[in-house]
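For the protein sequence lines, the chains are R, G, W and A, in the order given. Mapping the first sequence onto numbering that gives the first Met the number 0, position 99 (from 1) lands on 98, and the numbers just tick up by one. Mapping the second sequence onto numbering that gives the first Met the number 0, position 179 (from 1) lands on 178, and the numbers just tick up by one. Mapping the third sequence onto numbering that gives the first Met the number 0, position 147 (from 1) lands on 146, and the numbers just tick up by one. Mapping the fourth sequence onto numbering that gives the first Met the number 0, position 93 (from 1) lands on 92, and the numbers just tick up by one. Here is the structure we will look at.
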Amino acid sequence: MELLMHITADRIIAFVERVATSIKAERDYLTQLDAAIGDADHGLNLDRGFSVVLTKLPTVADKDIGTILKAVGTTLVSTVGGASGPLYGTAFLRAGMVIGDRQTIGAINLIGAFEAALEGIQSRGKSGRGEKTMIDAIAPGIEAFKAAHFRGIDLLEALEEGLVACEAGMQATIPMLATKGRASYLGERSIGHQDPGATSAYLMAKALVETVRM
Amino acid sequence: MELLMHITADRIIAFVERVATSIKAERDYLTQLDAAIGDADHGLNLDRGFSVVLTKLPTVADKDIGTILKAVGTTLVSTVGGASGPLYGTAFLRAGMVIGDRQTIGAINLIGAFEAALEGIQSRGKSGRGEKTMIDAIAPGIEAFKAAHFRGIDLLEALEEGLVACEAGMQATIPMLATKGRASYLGERSIGHQDPGATSAYLMAKALVETVRM
Amino acid sequence: MKKLINAPDDVVAEALAGMALAHADLIRVQPDPLVIVRADAPIANKVGIISGGGSGHEPMHGGFVGRGMLDAACPGHIFTSPVPDQMLAATRAVDAGRGVLQIVKNYTGDVMNFEMAAELAAAEGIEVATVITNDDVAVENSTWTAGRRGVGLTVLLEKIVGAAAEAGADLATLTALAQRVNAEGRSMGMALTSCTVPNVGRPGFDLPEGEIELGIGIHGEPGRYRVALAPAAEIAAMLVAPILEDLPFQRGDQVLAFVNGMGGTPLIELYLMYRELHKLLAARGIHIRRQLIGNYITSLDMAGCSFTLLRLDDHLTQLWDAPVLTPALRWGH
Amino acid sequence: MKKLINAPDDVVAEALAGMALAHADLIRVQPDPLVIVRADAPIANKVGIISGGGSGHEPMHGGFVGRGMLDAACPGHIFTSPVPDQMLAATRAVDAGRGVLQIVKNYTGDVMNFEMAAELAAAEGIEVATVITNDDVAVENSTWTAGRRGVGLTVLLEKIVGAAAEAGADLATLTALAQRVNAEGRSMGMALTSCTVPNVGRPGFDLPEGEIELGIGIHGEPGRYRVALAPAAEIAAMLVAPILEDLPFQRGDQVLAFVNGMGGTPLIELYLMYRELHKLLAARGIHIRRQLIGNYITSLDMAGCSFTLLRLDDHLTQLWDAPVLTPALRWGH
Ligand SMILES: Nc1ncnc2c1ncn2[C@@H]1O[C@H](COP(=O)(O)OP(=O)(O)O)[C@@H](O)[C@H]1O
Ligand SMILES: Nc1ncnc2c1ncn2[C@@H]1O[C@H](COP(=O)(O)OP(=O)(O)O)[C@@H](O)[C@H]1O
Ligand SMILES: [Mg+2]
Ligand SMILES: [Mg+2]
Ligand SMILES: [Mg+2]
Ligand SMILES: [Mg+2]
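As structure tokens, this is what we get:
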């Protein structure tokens, strides 16, 4: 077996489809998490968005990766609403802009895309780490992926290391006091609950790893 | 012991007080009965009225029986509201008018008062027997009292016979289909519940017998 | 029981005190006997229009006192008709020599108490006429009941008759108008939940999660039928069918459509129900010329709604459109 | 879950369709992206005023579209902020060349979506200004939160700014006015019960019989504190104290007092709460110059209420009194 070095556009399509499936499957779980510290709509919001994304994918199926990701971003912005819509929408848009008209990407491109996505979320959300948001799953995930890649290991393995860190980051939101988003209105009462956005971010990372692994 | 033949004005005062006490004690029970087939206020309505009656009684304590009963009637009309206010109010008013300025009354006066009261209820309520109302307890009670009296027995015993018939009449409302008052709106669903007004009428009859017995 | 109240016995008096404080420009609340009177009553040369009934139906009737609607309202205890002393006081307060019209919802208690008040007022030389509303088609056979109940149509009737009174109509004309409105309107209601009378402390009846009551009145009494919870479209059909059959309403009729909430149902659901009503009427060629949507004749915290349809002609439409300035309804000023 | 709905996914669209049918004289509902627009928009020479947010707060905001208030409203899904496409469509629909003011309640999602829309509108050459309302004193330390939430004051602000826009004020003046209103008003809310999002099917949180939530927002989220159910007088005191301290309001201040129901609380309780509020303010020498009482910014079927106090001067009072003609607020026409 050849070492996996590249991800093609049709893998990206498969990744987005897998995210949509995973979000649908975990819709009620995400919404439940949001009921505890938010307004009980996170799963509904993302599922609504990714359902429309699925209907849009055929129109970009033969396009470059940047175009695909930007289409996902625009669709999310236009359909999700709430906080997660602009945040994930911006993330996919920025990733798409960084990747541009490539048909295949490698680890370096991925790192660039991830970092642009994270930077988009942070500037749109005026937020950083430790505020009990999706950032707390995404940022450690990217760091671990980057570190693994620079240790010279295979793309899939590096992604898997990133996923482990992402999951740990998600779990680390449980004891946190929320200072951004709706959960922050609860003050102390936000402590003890896992952040819904961190959870959906983890589900997306998991979908990426699973797509690459196939 | 001398046979009881007469009821004095202070016995009437005691009777009204006993009614007030009994209604207060059974307030929630009457209201519960009304919740099943009416609007859950019968006990509240009567208790409100008789509580005010109690405060008015001292002003007529040394008056004749007609004045006492009319004061009760006016107070009930002015404080009870609902269907039972005008009905019981009219009943006491009419009884008071028939008895007039007597200080003592016997069985014949009682019969006249009862019949005037019933006639007042029926004309105010445009109702008759068998419609699942207070009339179904009152009318048989009066009949039995009358019959017993004309058999020549003691006033108390005659009243006791009347009370038995009154109680039976109250219970006979259970299988009836209501055709007057709020319960009639329930149609068939009114069947199987004891009428609250028939129940309060029985409580008043019982209070009368107990007062006379003392 | 969870309510924003102090002692259950004080709910009505305290809420009325709040109303009086809030709307001192429109109404005044006279204590003992308790009456809500238009601030500028009596109005010279105007027939007085009064109504009343048990409390717990807010904004009815107190919220409809003001210019172009009621001159006075008599609030009873929760779900208990007021006493004759109140109607007599109201009658005295609003009579300007041209007589007083009593608008009474058809309930045994209300009818009898208003009747006694009318006798007392007549004895004082005040001309009193009474119109009884009985628009509730849920009560089917009125020979076997105390007759149909007065429900939603009462709101529309008070508005229309109030407008005619404001325009100077005499007592006979207003009585005939009120009777006509009553003849041309029908209502039907349903409950998703029961309601809790403060003095009782628990719901009037149990209504399990999957069931609703059809043909309810406005006093937390059970309805005529219990059926399974259904989609809004089906509930709307169950409400509208008996209304249309009863008058009957005809293809080509123009109506005032009133979607009323029972107190605990939010506006989003009432608008959704209005859409269903509109579809059902459109399919039968009945045209909604005017509408009213909101919580206007309620049963405390009951969730549910009622539909009222009133057949309109140009005259009734004009009276509906005429200016009204009350705590609960205001337009055209 | 017991609601007058069809499919949970269709609630917002169907309720809006009902609104459009009911109020075709005042508003039109544009589909895809969904926007409620004043029937006669754009109004020549007038700055456009738009707002929006998640649905489930009816009548806010759609019920406030019309003469003298909003030119357009963007309804999101239940409790979910609308998407930028909607605000962009609204902006295009109401812009008459004098710019558009966005009134945004302070929630992360709303702020971000309106911000993206403003960027897109600016790119099209439309002048857009944004004012964020954040009147909720329940959120104490805004350095540790996304900042205070926008709640009841939003209704008052939309009315006042809408009146000024109708009178011809320019965008800068309106922006400054809106900021001033936001600075002069504070709110605090409480819940007796949770509410049920149709797509979720059960209440957002459990609230046992003897407990209430203090410091809730308007999205069925839990509040800041859970306390024992108390008499209305005590609840009113718990709501009013943090409001008065925060601005702070002073002896001699004149205020607009807004007692708002959360959707499932009947008017009788709101009037009762108004009396308590009135007493508390009178005791502190604060004079209620204007009032609004009713269910105007709601959380679906939640039972509970909020208080909003806005300090008034003559100018704000005049703007409050100015004519308004919308589905939910109408006077002075
Ligand atoms: N300012 C922010 N920066 C980053 N993430 C945020 C921010 N605000 C909220 N989030 C994320 O969004 C999630 C909530 O999304 P969602 O429920 O869809 O939107 P809303 O809060 O508007 O209902 C939170 O769990 C959190 O992870
Ligand atoms: N027309 C009538 N004639 C005689 N009794 C009646 C009539 N209508 C009602 N009642 C009696 O009144 C009782 C109800 O009284 P109450 O609950 O106090 O008044 P409401 O029905 O107005 O709430 C009924 O149980 C019935 O016995
Ligand atoms: Mg959410
Ligand atoms: Mg009763
Ligand atoms: Mg009653
Ligand atoms: Mg949301």
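Quick reminder that beta carbons are idealized off the backbone N, C-alpha and C, glycines included.
### Message
Bridge partners for A:M301 per DSSP, in chain order?
### Response
A:G262
### Message
Tell me the DSSP secondary structure of G:M133 in three-state form.
### Response
coil
### Any chain R beta carbon closer than 7 Å to A:T144
yes
### Task
Residues of the segment 23-46 of chain G with a CB closer than 7 Å to any CB of chain W: list them in chain order, please.
T30, A34, G37, D38, A39, D40, L43, N44
### Query
Residues in the segment 237-267 of chain A with C-beta within 8 Å of chain R's C-beta atoms, listed in sequence order?
none
### Task
Measure the C-alpha to C-alpha separation of R:E1 and R:H148 and round it to an integer number of angstroms.
Unreliable positioning characterises R:E1 in this predicted model, as indicated by a pLDDT of 46, which lies under 50. The coordinate reading is nonetheless provided below. For R:E1 and R:H148, the distance between alpha carbons rounds to 17 Å.
### Query
Would the beta-carbon of W:H56 be found less than 6 Å away from any heavy atom of ligand 4?
no
### Query
Is there at least one Cβ from chain R nearer than 7 Å to A:G188's Cβ?
no
### Query
So what does DSSP say about A:A227, is it helix, strand or coil?
strand
### Three-state class that DSSP yields for R:E1 in the structure shown
Only weak support exists for where R:E1 lies, its pLDDT of 46 falling under 50; the value from the coordinates is given anyway. Note: R:E1 maps to coil in three-state DSSP.
### Query
Would A:M187 be called buried (16 or more neighbouring beta carbons within 10 Å of its own) or exposed?
buried
### Cα-Cα separation, G:E160 to G:E209
13 Å
### Query
If we ignore side chains and look at the alpha-carbon of each, how far apart do W:A177 and W:G219 end up?
27 Å
### Query
Where does W:M68 sit, in a helix, a strand or coil, going by DSSP?
coil
### Query
So with Cβ pairs under 7 Å, would you call G:S50 a contact of chain W?
no
### Task
Leaving out five residues on either side along the sequence, give the residues of the same chain with a beta carbon under 7 Å from the beta carbon of W:A121.
V127
### Query
Skipping 5 residues on each side, what residues in its chain have a beta carbon closer than 8 Å to that of A:A16?
V28
### Cβ pair R:P195, R:H5 closer than 7 Å
no
### Task
State the beta-bridge partners of G:T7 as determined by DSSP.
G:T103
### Query
What did DSSP end up calling R:K62 once you bin it into helix, strand or coil?
coil
### Query
If you drop the 5 nearest sequence neighbours on each side, which residues of the same chain put their C-beta closer than 6 Å to that of G:V97?
G111, A112, A115
### Query
Where does R:A204 fall in DSSP's three states?
helix
### Message
Could you give the first and the last residue of the continuous alpha helix (DSSP H) run that contains G:L155?
### Response
154-171
### Cβ of A:Y270 within 7 Å of any chain W Cβ
yes
### Message
Can you find the residues in the same chain that come closer than 6 Å, C-beta to C-beta, to G:G124, ignoring five residues on each side of it along the sequence?
### Response
L86
### Task
Quick one: grab the DSSP three-state call for W:G188.
strand
### Task
Determine the direct distance from the alpha carbon of W:L87 to that of G:L56, and round the result to whole angstroms.
24 Å
#### Entry: Exposure of W:P322, with buried meaning 16 or more beta-carbon neighbours within 10 Å
exposed
### Query
Given R:R128, which residues of its chain have a CB within under 7 Å of its CB, disregarding the five upstream and five downstream residues?
I134, D135, A138
### Message
Tell me the residue span of the beta strand (DSSP E) that contains A:V99.
### Response
99-104
### Task
Could you tell me how far apart the beta carbons of A:V136 and A:P241 are, in whole angstroms, since I believe they sit closer than 8 Å?
5 Å
### Message
Between which residues of its own chain and R:E16 is the CB-CB distance below 8 Å, once the five residues before and five after are set aside?
### Response
L53, L56
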